[in-house]
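Asks: Dropping the structure in here first, questions after.
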Amino acid sequence: MQIDIITIFPEYFESPLKVGLLGKALEKGLLKIKLYNLRDFTENKHKIIDDEPFGGGEGMVFKPEPLYKAITYIKGIDPSAWIIYLSP
């Protein structure tokens, strides 16, 4: 089984994935996990993935383009990959 994770904090996942049942599955080769940094799918030199809301208001919103490019890239490698989106 392979799990692809798209995140803005790939370093966050490196340590937790090495322990417990996931760690054992990784050691035995039963599981493969690939981490993708969402910032790698931007086209600006500062690797910005968010923007101000166009309707006004406080906060920031994710740009859809980097996520679309990341998913398209992964689906190009494995067209049968499932997509599970956990909203922020």
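Residue -4 is where the sequence shown starts when you use this note's numbering, and the numbers rise one by one after that. For each residue, glycine too, the CB sits at the ideal point set by N, CA and C. Quick caveat, the model's predicted, so the values are computed rather than measured.
#1: Three or more beta-carbon pairs under 8 Å between the stretch 42 to 59 and the stretch 24 to 31, yes or no?
#2: From what residue to what residue does the alpha helix (DSSP H) around threonine 67 run?
#3: Phenylalanine 36: which of Gly24, Thr2, Trp77, Leu21 sits nearest, CA to CA?
#4: Please report how far the alpha carbon of glycine 24 lies from the alpha carbon of leucine 17, in whole angstroms.
#5: Taking lysine 27 as part of the beta strand (DSSP E), name the residues at either end of that continuous run.
Replies: Per the coordinate set shown:
#1: Output reads no: the stretch 24 to 31 does not touch the stretch 42 to 59.
#2: 59 to 72
#3: If we check each option's Cα against that of phenylalanine 36, Thr2 comes out closest.
#4: Between glycine 24 and leucine 17, the C-alpha separation is close to 10 Å.
#5: 27 to 32
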